[in-house]
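**Student:**
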Amino acid sequence: MKRFEVLVAVGLVFGAGCSAPDTEQQTGSVEDAAITPAATLTFDAGWGELQDGPLVAGGTVTIDYDPARLAACEATQGGNLQWAVTGYAQIAGGPVTTFDVLSPNHPGGEPVTFTLDAAGDLALWFEATSGYGCHEWDSDFGNNYHFEVGAPASFPSWAGDAEIAIERFTCGSEPCPGDLFPAQNGFLFDTWARQRATVAHIYFEAWEPGITDWDNPSLWQQLDVQMHYRFAGESTFASRYVDFLRRDGNNARYAVGLRDIDPLGGNTIQNPADCPTATLSLTGPNGAYVSTTVDYYFTVSDVEIRPQPGATFTGTFEDYAGLYAPCL
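Residue numbers (our numbering): 1 to 328.
1) Who pairs with residue 124 in a beta bridge, going by DSSP?
2) So for residue 30, helix, strand or coil by DSSP?
3) Can you tell which of 68, 231 and 62 has the C-alpha that lies nearest to the C-alpha of residue 47?
4) Taking three-plus beta-carbon pairs below 8 Å as touching, is the region 98-106 in contact with the region 80-87?
5) Report the rounded CA-to-CA distance for residue 147 versus residue 106, giving the unit in angstroms.
6) Confirm, please, whether the CB-CB distance from residue 60 to residue 98 is below 7 Å.
7) When DSSP labels each residue in this structure, what does residue 37 get in the three-state scheme?
8) Mapping DSSP to helix, strand and coil, what is residue 309?
9) What is the rounded straight-line gap between the Cα of residue 238 and the Cα of residue 228?
10) So the beta strand (DSSP E) residue 64 belongs to, where does it begin and stop?
11) Is the region 272-280 close to the region 133-145, with three or more CB pairs under 8 Å?
12) Tell me whether the region 215-226 and the region 260-273 touch, counting them as touching only if at least three CB pairs, one residue from each stretch, are closer than 8 Å.
13) So for residue 374, helix, strand or coil by DSSP?
14) Taking 8 Å as the limit between beta carbons, can you name the residues of its chain near residue 223, skipping five residues before and five after?
Below, the structure written as structure tokens:
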């Protein structure tokens, strides 16, 4: 039985249902996908529909439609096409997009590829017309063909374990395990740390199978690792790239030196133009020190590292107030 029909009401095509035709098959999985997921939907001449690869928002889909499904409208004259097949696509109930399956501008009927710009239900249907008045539909009897477009998977698969060490003694070139403490506890980078600490770093890790679990020379290209931070009085976050430290088992380990973002620095300020842009507060006995705070979080490609969703880690930088007399 042929699966095309004459349209008798607009609602048959645009009123997309939620159930998929029972002849549809699905192969492939998100695990098989590249960083940019790609899928192919094949509509063959035998009235079968096959999905190969994951449909993921932000990825692409290729529609491979055999015009023989609507061959009742096939017509040529002098070797020129006198008929056309048009495809219709609608994602998550949004605008309807049309594309040429077969036309004088697309006479070979080659597959058509487009980007999936949203997650949700992907509805597809097809229309054939000819110069001799033929008009047929392939729309699963007015229900349309339905495929689920998933939300993009996070990349990398995991990132976290933000820890800090501010310590004079080390185990090799890195802090001893007992000297690391959770980043959500905050930190104080003070005059002692500025002068004496051998390690004063924030550490975190990321994991993605096939990328972080081997000595990968392309790691820096495959993971976009950044710190986002702002000091007291600043309304916007600055960003800086974070250096890869080493591989820790299957994880990539990263480190940010607190000295690299220290807005104070332990130098005497003589010209007000050289004052830190951060807001300074007097602290300690008789205002002997100045301090400023920093809010920060990390991103590893699509994944944010925060103490909790929407929150930031915090820390405090402190120095001798006498060094900043023009700033106070």
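Where a beta carbon is used, it is the ideal one built from N, C-alpha and C, also for glycine.
**Tutor:** According to the structure data:
1) 89 and 145
2) Below a pLDDT of 50, predicted positions are generally treated as unreliable, and residue 30, at 31, falls in that range; the measurement from the model is reported next regardless. Reduced to three states, the DSSP call for residue 30 is helix.
3) 68
4) With a cut-off of 8 Å on Cβ pairs, the region 98-106 is in contact with the region 80-87, counting three or more such pairs.
5) 25 Å
6) no
7) If DSSP states are grouped into helix, strand and coil, residue 37 belongs with coil.
8) Here residue 309 carries a coil assignment [DSSP, helix/strand/coil].
9) Here the alpha carbons of residue 228 and residue 238 stand approximately 6 Å from one another.
10) Where residue 64 is concerned, the enclosing beta strand (DSSP E) stretches over 60-65.
11) no
12) Touching, no.
13) Absent from the structure is residue 374, since the part of the chain shown begins at 1 and ends at 328.
14) 156, 206, 208, 211, 212, 252, 300 and 301
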